[in-house]
Each structure stands twice: as structure tokens, then as C-alpha cells.
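> Here it is: the structure, laid out below.
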Amino acid sequence: MVAAFFGLWEALTALGALDSFITSSPSRMAVKLAELFQTGDLLYHMGVTLAETVISFLLATAMGVAAAIALWWCESARKILEPHLVILNSLPKIALGPVIIIWVGAGTSAIIVMALLISLIITIINSLQAFLSVEEGKLRLFATMKASKTQTLFKLILPSAIPDLMAVLKVNVGLSWVGTIMGEYLVSKAGLGYLIIYGGTIFDLDIVMTATVVLCVLAALMYYAVVLTEKAIGKKFKFNS
Amino acid sequence: MEELITFDKVCLTYHTKESETPVLADMSFSVGRGELMGLVGPSGCGKTTVLSLISGIIRPTSGKVLTGGMAPEKCDISGYMLQKDELLPWRTNMANILLGAELKKRDKAAARQKALELLEKYDLKGVEKHYPDQLSGGMRQRVALIRTLVLAPQIILLDEPFSALDFQTRLQVVNDVYTMLKTEKMTAVFVTHDINEAISMCDRVAVLSSKPCHIKEIVDISVFKGIPPAERRISGEFVRLYDKILTSMQSRTEQTWNTQKNTPATSNGSAGKNLQ
Ligand SMILES: Nc1ncnc2c1ncn2[C@@H]1O[C@H](COP(=O)(O)OP(=O)(O)O)[C@@H](O)[C@H]1O
Ligand SMILES: [Mg+2]
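Chains as they are written, first to last, in the numbering used here: chain A, 316 to 556; chain B, 167 to 442.
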């Protein structure tokens with residue numbers, strides 16, 4: 316599939332059916348890739364973006380699950396906050412970009428805040444949903460055994476929610492990339508997002524396309540890493556008590 | 167016979183923000199040690215509530231509930247068998263059986279020892295290392311009962327424990343559970359809406375009215391004392407008892423109708439007794 320796509324792309328530009336100035340072409344991208352790699356730019360920008368994404372991903376997951384646990388624990392807080400969360404989630408968070416830059420400065424922290432803004436609320440909503448969907452009968456079992464709330468959390472709620480939490484992780488990988496790249500567009504200092512914007516302003520489509528493809532590959536790899544983690548945890552979880 | 171469970175003029179009202187629901191109205195009965203008491207009644211009448219009171223999960227609005235002569239929440243002598251086995255799929259059968267000991271911080275080594283004995287005694291030897299999804303429905307329910315028995319309760323509360331099983335499995339499991347309860351000399355309160363099951367297992371059956379719930383009649387089944395369910399089912403007496411309980415249950419419809427028309431709820435008791 317991918318090979319056919321790139322092959323067609325290359326052929327069309329070689330035949331002149333597509334203007335390689337506008338669309339670039341795989342061969343030109345390969346040249347650009349080598350060039351960026353040689354100057355060290357590629358690894359630098361990749362590193363920056365990857366670090367920002369991983370940090371945002373970990374922060375969003377940890378903070379989101381922690382907040383969801385707090386809301387599960389305290390029913391009154393949940394009743395008050397849950398409707399607001401849904402509304403907050405539907406706002407176009409990217410519109411807050413300029414405000415974030417003013418508040419936290421145009422740097423890495425702005426990018427991470429941007430990414431958090433995008434993924435945190437949906438993480439809370441989805442994790443809470445997972446916690447609340449634990450079967451009534453199992454809760455009854457724990458009640459009949461006079462389990463404390465902490466025991467119920469650690470021995471029932473969290474283990475039952477693991478499959479759903481894994482799905483949350485998968486969504487978060489994607490959202491962290493979106494948030495990070497959005498942040499880099501706004502902050503424009505470093506990273507693949509910056510490279511794309513930069514290539515765009517100087518009308519060097521080879522840079523834009525190369526950076527975009529590298530981005531896609533990284534995102535796919537990270538997603539794959541999460542899938543592997545999921546498999547490992549799923550297995551381990553089922554087979555230890 | 168020593169009284170292990172006593173209900174003395176127990177009333178219970180659930181309070182929610184919007185409303186008050188009176189569920190139990192003036193309920194008095196007692197269960198002797200070693201006795202198997204059945205509760206039958208329409209769904210939503212308050213059967214689960216009665217069990218929650220016995221286990222001490224909730225307390226009566228008025229009246230007294232005693233287990234072993236004490237307030238239930240102070241003595242913790244009852245265990246449950248629920249509608250579904252509720253075995254946790256990520257735990258081995260042994261880890262499932264030890265859940266209660268773990269939650270109550272009891273001696274786990276002793277509980278494990280007892281669990282192994284019970285597993286062997288009830289034909290489940292060797293399943294302890296496996297996971298629940300490898301067991302048949304009947305075996306799962308037996309594992310669930312062993313999970314309760316390792317806590318050495320004096321009272322077992324069975325809340326419609328067979329209603330999720332298919333017909334064939336159910337006949338077998340009713341037999342197994344009866345044997346286990348009798349062998350372990352348990353006192354049990356067995357909630358069901360299936361009259362057959364009630365007669366198959368119990369020494370006495372209390373017929374409950376619809377909400378607000380009171381006891382309409384307690385049917386004595388001591389003719390079957392010590393006889394296992396499979397043999398009870400083929401006896402002629404079974405049909406007579408079935409009819410008796412059914413009539414008592416159905417008298418509810420009449421009464422509710424009467425109640426709605428003109429008579430106050432308190433007259434229900436006497437109407438029930440007239441049918442005896
Ligand atoms: N926690 C609760 N709060 C308010 N109402 C309740 C609660 N639990 C049960 N009820 C009500 O009490 C009635 C009896 O419930 P339950 O004891 O579960 O009935 P059964 O087990 O006989 O089906 C039902 O009508 C139910 O709606
Ligand atoms: Mg019930």
C-alpha cells in the first residue's frame with residue numbers, strides 16, 4: 316500500500332503530471348532527508364518533538380487517571396464537575412494557544428500545556444467512565460465482604476478498568492502528537508512542527524513533506540509501542556493474581 | 167433450637183433526596199441454628215434488603231435485627247452467595263477464594279489450607295491454579311460458595327444464586343449447594359422467586375408480600391427434613407406444598423387490589439392468614 320502510493324507519487328512527478336515544486340517527490344524527499352540528517356537538524360528536531368510528545372503523553376495519562384480516581388472517590392465532586400467536563404471537552408482548545416503563550420511563555424512549557432489541554436479532559440472523562448462501568452454485582456460482592464474504599468479501588472476498580480485504560484492510552488498517543496505539533500506551530504522554535512512551518516514560509520516543500528513523513532513514522536512507532544505494552548500487560552495481568 | 171437470626175418488628179425505609187420508600191413494614195421472624203429458611207416474594211419486594219439487614223450492610227429504620235444475639239454489624243458472622251458467581255477473571259480460582267480473607271486481613275495460610283480441604287471435599291481438587299473462565303457454570307458457583315465458606319461464617323445468605331444458570335445446570339447446582347450447606351451445618355437464608363427451588367432446599371419458606379413488604383405466611387417444609395432436592399421433587403408432597411405457597415403468593419394480587427380500593431395496608435396480614 317505505502318510502497319504503491321510512493322511509487323505512484325514518484326512516477327507522476329517524474330512524468331510531470333504533478334509539479335514537484337508543489338508536491339515534492341519521494342526522491343527529492345530522500346535527498347532532503349539525507350541532507351537534514353547530515354547537518355544534524357533532523358535528529359535534533361525529531362528529538363525535541365519526541366521528548367515533548369512523550370512528556371505530554373505521560374503527564375496527560377498520569378494526571379487524567381489520577382483526577383478520574385479522585386472523581387470516582389468523591390461522588391459529590393463528580394456530580395458537580397462531570398457536566399462541566401463534557402462542555403470543556405467540546406471547546407476548541409487550540410483557540411487558547413495565544414493565551415497560553417502569554418501565560419507560560421513561548422517555550423517547551425507552552426507546547427506541553429497545549430498538548431495537555433487537548434488530551435487531559437478526554438482522559439479524565441474516559442477513565443472515569445471505565446471506573447463507573449464496573450459491574451454492579453462485583454461491587455455488591457465487595458460490599459458483602461465489607462471491603463474498604465481503598466481495597467475496592469485497588470482490588471476491583473483499577474484491575475477491571477485496565478482494558479478501557481489501554482484504549483485511553485491509544486487515544487492519548489494520537490492526541491499528544493496533535494497537541495505537540497499544534498504547540499510547535501504556535502511557538503515556532505524547534506521540533507518537526509517548527510520544521511514544517513519553516514519549510515512552508517520559505518516555500519521549500521521538500522522540507523515540509525520530509526518532516527511530515529518523519530512525523531507520521533514516529534507517531535506510528537509510538538502507537539505500536541503502546542499496543543505492545545497493552546499486549547504485555549494484558550497477558551501478565553491475566554496470568555498473575 | 168437456638169435462634170441465630172431474629173427480626174423483631176423491623177421496619178426499613180430507604181431515603182433518597184427526592185423520596186422516601188418504605189420497603190419493610192413490621193417484619194418479625196426468626197431462624198434457628200442449622201435451619202434453611204426460604205424467602206419467596208415478587209421482585210422488588212425487599213428480599214435483598216432483608217439479607218442486607220442480616221449481614222449488617224444496612225440497619226433497620228426501626229425495630230431490631232440480631233444475629234447470634236448481637237447487632238449484625240458488630241459480629242460479622244454471615245457470608246453471601248450472590249446471583250452470579252462474580253469470580254474475578256484476573257485472579258486464579260485460589261486467589262478468588264482467598265479474596266475475603268485478603269479483604270478482611272485474616273490469616274491467609276489458614277484460609278488456603280481450609281480452601282484446599284473444601285475443594286477436595288466438593289470435587290474441585292486441582293482447579294485452584296486455574297482461572298475461572300476454564301470452569302463450567304456449576305463449578306464456578308461451587309467455587310463461589312467455597313469463597314464464602316473459607317471465611318467460616320455461621321450464616322449464609324443466598325440471594326437468588328441459581329437464577330443466572332441454565333435449567334440443567336441449575337438442578338445439579340441446587341443439589342450440590344444443598345449438600346454443601348447441610349454438610350457444613352450452615353444456617354442459611356435463601357432468597358428466590360422460584361417456588362420449586364424454595365421447596366427443594368428449605369426447611370421453612372416465608373412468603374413475602376409486595377412492597378411495603380411483610381411476611382404473609384411461613385410454610386413449614388419439615389416433612390422434607392434431611393431429604394435432598396432431587397428426591398423431594400419426585401414426592402407427592404411437593405405438589406401440595408407448591409400449591410400452598412403459590413396460593414399464598416397469589417393472594418397478594420387480591421390484597422393489593424383490595425388495598426388500592428379501600429382497605430388499609432395493615433389488613434393484609436389477616437387476609438394472608440385466612441388462606442392457611
Ligand atoms: N439503596 C436503595 N435506595 C433506595 N431504594 C432502594 C435501594 N435499594 C433498594 N431499593 C428499593 O427497595 C425495594 C426493594 O429492593 P430489594 O430488596 O432489592 O428487592 P428484591 O430483592 O426483593 O427484588 C425496591 O423497590 C428498590 O427499588
Ligand atoms: Mg434482589
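Even glycine gets a Cβ: it sits at the ideal position worked out from N, Cα and C.
Since this is a predicted model, take the numbers as computed values, not measurements.
1. Quick check for students: name the residue ranges of the alpha helix (DSSP H) that lie wholly in the region 269–302 of chain B, counting only runs of 4 or more.
2. Residues of chain B with a CB under 9 Å from the CB of Pro413 (chain A): which are they?
3. Cβ of Leu219 (chain B) less than 8 Å from any chain A Cβ?
4. Quick check on the DSSP output: the beta strand (DSSP E) that includes Pro398 (chain A) runs from which residue to which?
5. Does the region 392–408 of chain A come close enough to the region 515–527 of chain A that 3 or more CB-CB pairs lie under 8 Å?
6. Compute every distance between the C-beta of Tyr246 (chain B) and the non-hydrogen atoms of ligand 1, then say whether any falls below 7 Å.
7. Using a Cβ-Cβ cut-off of 7 Å (strictly less than) and excluding sequence neighbours within five positions of Thr423 (chain A), which residues of its own chain qualify?
8. What does the alpha-carbon distance come out to for the pair Gln249 (chain B) and Phe321 (chain A)?
9. Roughly how many whole angstroms lie between the Cα atoms of Tyr538 (chain A) and Trp492 (chain A)?
10. Looking at chain A, is there any beta carbon in it that lies within less than 8 Å of the beta carbon of Tyr180 (chain B)?
11. Using only alpha-carbon positions, find the residue among A:Glu450, A:Ser434, A:Gly420 that is nearest to Val502 (chain A).
12. Please go through the same chain and pick out, in chain order, the residues whose beta-carbon is closer than 7 Å to the beta-carbon of Val389 (chain B), but skip the five residues on each side of it.
13. Could you please give me the residues that DSSP links to Gly204 (chain B) through a beta bridge?
14. Looking only at its chain, what residues have a beta carbon closer than 7 Å to the beta carbon of Ala383 (chain A), apart from the 5 residues adjacent to it on each side?
15. Between which two residues does the alpha helix (DSSP H) containing Cys177 (chain B) stretch?
16. Confirm, please, whether the CB-CB distance from Asn341 (chain B) to Pro298 (chain B) is below 8 Å.
17. Per DSSP, Cys211 (chain B) forms a beta bridge with which residues?
18. Are Leu432 (chain A) and Gly494 (chain A) close, meaning C-beta to C-beta below 8 Å?
19. Please tell me whether Thr314 (chain B) and Gly204 (chain B) are closer than 8 Å, where the distance is taken between their beta carbons.
20. Just to confirm, does Val176 (chain B) get its C-beta within under 7 Å of one of the non-hydrogen atoms of ligand 3?
21. For Met344 (chain A), tell me which candidate among A:Ile437, A:Leu536, A:Ala547, A:Ile522 has the shortest Cα-Cα distance.
22. Quick check: what's the CA-CA separation for Glu294 (chain B) versus Val197 (chain B)?
23. In this structure, does DSSP put Lys504 (chain A) in helix, strand or coil?
24. Counting only C-beta atoms, is Pro407 (chain A) closer than 8 Å to chain B at any point?
25. DSSP has Pro378 (chain B) in a bridge; who is on the other side?
26. Would you call the CB atoms of Cys450 (chain B) and Lys391 (chain B) closer than 8 Å?
27. Would you say Gly266 (chain B) faces chain A, with C-beta separation under 8 Å as the test?
28. When you compare only the Cα positions, how much space is there between Thr338 (chain A) and Met524 (chain A)?
29. Assuming Leu202 (chain B) and Gln320 (chain B) form a contact by the criterion Cβ under 8 Å, report the distance between their Cβ atoms to the nearest whole angstrom.
30. By how many angstroms is the C-alpha of Glu450 (chain A) removed from the C-alpha of Ser194 (chain B)?
31. Kindly indicate which residue of A:Gly514, A:Ala535, A:Ile370 has the alpha-carbon position closest to the one of Phe336 (chain A).
Straight from the coordinates:
1. 274–287
2. Correct list: empty, because the minimum Cβ distance to chain B is about 44 Å.
3. no
4. Careful: Pro398 (chain A) lies outside any beta strand (DSSP E), inside the alpha helix (DSSP H) at 390–405.
5. no
6. no
7. Glu367
8. 59 Å
9. 10 Å
10. no
11. A:Gly420
12. Glu403
13. B:Phe356, B:Val371
14. Ile439, Ser442, Leu443, Phe446
15. It is not in any alpha helix (DSSP H) - Cys177 (chain B) instead sits in the beta strand (DSSP E) that spans 169–181.
16. no
17. Its beta-bridge partners do not exist; DSSP assigns none.
18. yes
19. no
20. This structure does not include ligand 3; its bound ligands are ligand 1 and ligand 2.
21. A:Ile522
22. 34 Å
23. coil
24. no
25. Pro378 (chain B) pairs with nothing; no bridge assigned.
26. The question about residue 450 (chain B) has no answer here: the residues shown for chain B are numbered 167 through 442.
27. yes
28. 8 Å
29. Wrong, their Cβ atoms sit about 13 Å apart, outside the cutoff.
30. 33 Å
31. A:Gly514
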